[in-house]
Amino acid sequence: MKTIEVDGIKVRIQIWDTAGQERYQTITKQYYRRAQGIFLVYDISSERSYQHIMKWVSDVDEYAPEGVQKILIGNKADEEQKRQVGREQGQQLAKEYGMDFYETSACTNLNIKESFTRLTELVLQAHRKELDGLRTRASHELALAELEEDEGKPEGPANSSKTCWC
Ligand SMILES: Nc1nc2c(ncn2[C@@H]2O[C@H](COP(=O)(O)OP(=O)(O)OP(=O)(O)O)[C@@H](O)[C@H]2O)c(=O)[nH]1
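Okay, so the sequence shown: first residue is 2 according to my numbering, each after it adds one.
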């Protein structure tokens, strides 16, 4: 659990670090179902981890809820001398999937706060849209209900609370 501030709102986020290893996949998939935001992380010093991202994306598409927000991360940006994946490759892949992209480093803290804030922002935005949709629908339903109720009552001053209905 961690609390971060986004647009002046304090948001409590729960972070799960899922295992990348194949043998834990059954458990990992169970986490997808409850996720609202997902970081897809590769290691910039490992071309193999970058190639795996496509598999992660298809798993997420299959098991995560529809509106889940995703960000692509190229981690270990401090390991410049061991770099196997160019920044542009990361940007390109993120673009293909319509995701934001950050290179981060857990060692130097590069873009850690920024990427968490951005993912939270995206989740909040998506949630707001959903809430606004529900609110609009609810207000329409309310308006309809009021209209229907009005239809059953006599018109004009007789509809006022002071007037006797009998
Ligand atoms: N140089 C560097 N090393 C890192 C960074 N992030 C993680 N590591 C190292 O990478 C190794 C693996 O880190 P983990 O956090 O276990 O990676 P993981 O992806 O969660 O691993 P799995 O749970 O097996 O999928 C550890 O030795 C970390 O210290 C980073 O930003 N820079």
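For each residue, glycine too, the CB sits at the ideal point set by N, CA and C.
Check: What does a CB cutoff of less than 6 angstroms around L123 pick up in its chain, not counting 5 residues either side in sequence?; Outcome: Q70
Check: Do E104 and A78 have their CB atoms nearer than 8 angstroms?; Outcome: yes
Check: Going straight from the alpha carbon of V61 to that of T27, what length do you get?; Outcome: 13 angstroms
Check: For V124, does the three-state DSSP call read helix, strand or coil?; Outcome: helix
Check: Applying the criterion that 16 or more other CB atoms from any shown protein chain within 10 Å of the CB defines a buried residue, is I10 buried or exposed?; Outcome: exposed
Check: Can you give the Cα-Cα distance for E23 and L125, rounded to whole angstroms?; Outcome: 31 angstroms
Check: Could you please go through the chain and list the residues whose beta-carbon is closer than 7 angstroms to any non-hydrogen atom of ligand 1?; Outcome: D18, A20, G21, Q22, V42, N76, K77, A78, D79, E80, T105, S106, A107, C108
Check: If distances are taken between C-alpha atoms only, which option among I14, L41, E63 comes closest to H53?; Outcome: L41
Check: Kindly indicate the opening and closing residues of the alpha helix (DSSP H) around T29.; Outcome: 26 to 33
Check: Quick check on this structure: which residue in L148, M55, V7 has the alpha carbon closest to the alpha carbon of M100?; Outcome: M55
Check: Check whether the segment 43 to 50 and the segment 80 to 88 are in contact - that is, three or more C-beta pairs closer than 8 angstroms.; Outcome: yes
Check: If I measure Cβ to Cβ from Y64 and keep anything under 7 angstroms in the same chain, skipping five residues before and after, which residues do I get?; Outcome: K30, Y33, R34
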